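Below you'll find the structure, written out as structure tokens, and then a few comments.
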Amino acid sequence: MSFLCKALINNENRFQTIVQSLPQIAWTINLEAEADFFNQRWYDYTGLTFEQTKGWGWQQVIHPDDLQKAMETCKKIRESAEGADIETRYKRADGVYRWHLTRLEPIKDEQNEIQYWIGSSTDVEELKQLQQLKDDFVGIASHELKTPITSLKALLQLLQQLTRSDPSSKKIPMLANTANISMDKLIELLEDLINFSKIQNGQLALKKVWFNLSKLVNECCEHVRLDSLHHITFVGRKKLMVFADRGRIDQVVVNLVNNAVKYAPNSEKIIITIDKDANNVKVSVRDFGIGISAEKIPHLFDRYFRAEPSDLQSTGLGLGLYISAEIIKRHGGEMGVKSKLGNGSTFWFTLPLSA
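Take a look at the structure:
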């Protein structure tokens, strides 16, 4: 065997080893875009054989809605003789399509002539979903912030007109109160954004002190007792002291109580329970509302996620439970939920008893 043949075989073996070690799907196509090699990741993902996907057979893996565009882009790339990216959906062995980012690169010889093309595909489904969530969140945030700002501006204009034309008008206190409500809503939304930013940057500081947990819970419920038809029943230990950030735990409890009111509009009863075991104190907030479907429960504490059904008017940025869960996590506790459609929900969190 000649030295040249040995060198070619060694190079081919080296190429095969490198490509097989890649975590991405990889393949090669000839100058007519016919596939002549796939690494093992391709077979693991598609469940297909080389015979099924060689040549032009690989097209069956591309989502039908993406195929024409992918073929046109691939043609442009080959005509340009330069590497480029393509985003398409690939069908997995179980029939599920997932987004992939594909990179095509030409392999050239010493005369700079293209010999074949090598492609690699990275699964970007989670990134695409996250980007969609972010886009949705920006839209929601813009809408939610615009509403109280627009209301506040209109109220201030009315107040300005009244103070000029009728300074003693009985409408002024009412308009001022409504303006304050809009301002409170705006502040609440901005605080959610600030807290979210702090969590993302690891800057959510805790100022821990000893305090009576039952007393804090009662204070958190005062606005519900005054402003709604809901009746809150307190069950459990009233003398438990915990070492935690009082303001942050207040924020968590208020969020859970407000959610209980929001998702149980036709039920008067909310039950809050404080209990403990050897190591932790547990706070549970139970409502008797519409409940949450099983498929939504795993995502309730995800950022941007909002679980409301379409028949409820919703407000907020979808950050409340995410922020609450992160606050509890930073205290060394856990947060969870038990719920069933039609039977209400119980949200709970734990805090360590030891300092």
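In terms of our numbering, the sequence shown opens at residue 66 and continues consecutively. Ideal Cβ placement from N, Cα and C applies to all residues, glycine included. Keep in mind the model is a prediction, meaning the values are calculated, not measured.
Coil, strand or helix - residue i by DSSP
i      : result
Trp275 : strand
Trp413 : strand
Glu178 : coil
Ala146 : coil
Trp92  : strand
Ala63  : Within the shown structure, residues of the chain are numbered from 66 to 420, placing residue 63 beyond reach of any answer.
Asp159 : coil
Arg368 : coil
Gly407 : coil
Gly354 : coil
Gly267 : coil
Lys141 : helix
Proximity test, Cβ basis, 8 Å: residue i and chain C
i      : result
Gln316 : In summary, chain C is missing from the structure at hand, where a single protein chain is found.
Counterpart residues of residue i in DSSP-defined beta bridges
i      : result
Lys341 : Val346
Gly301 : Ile339
Thr187 : Leu166
Pro363 : Paired residue(s): none; Pro363 is not in a bridge.
Ile127 : Tyr155
Arg106 : DSSP lists no partner for Arg106.
Met306 : Asn277
Span separating the alpha-carbon of residue i from that of residue j
i      : j      : result
Lys398 : Trp275 : The residue you asked about is not Lys; residue 398 is Gly in the sequence shown. Spanning the two alpha carbons is a distance of roughly 16 Å.
Arg311 : His364 : 27 Å
Glu360 : Gly354 : 18 Å
Asn277 : Lys211 : 38 Å
Phe103 : Ala135 : 18 Å
Asn177 : Phe366 : 54 Å
Lys347 : Lys394 : 14 Å
Ala241 : Leu251 : 15 Å
Ala219 : Gln226 : 11 Å
Leu327 : Ala270 : Per the sequence shown, the amino acid found at residue 327 is Lys instead of Leu. Near 29 Å, if we compare the C-alpha coordinates of Ala270 and Lys327.
Gly407 : Asp352 : 11 Å
Gln265 : Leu198 : 16 Å
Start and end residues, beta strand (DSSP E) containing residue i
i      : result
Asp150 : Ala149 to Lys156
Thr114 : Unbroken run through Thr114: none, as it is neither H nor E.
Asp101 : Ala100 to Phe103
Lys403 : Met400 to Ser404
Delimiting residues of the alpha helix (DSSP H) encompassing residue i
i      : result
Lys235 : Run containing Lys235: none; DSSP gives neither H nor E here.
Ser389 : Gly385 to Arg395
Asp315 : Arg311 to Lys327
Integer Cβ distance of residue i from residue j, believed to fall under 8 Å
i      : j      : result
Leu87  : Ser185 : 7 Å
Ile179 : Ala146 : 6 Å
Any non-hydrogen atom of the ligand FMN within 7 Å of residue i CB
i      : result
Lys193 : The ligand FMN is absent from the structure shown, which contains no ligands of any kind.
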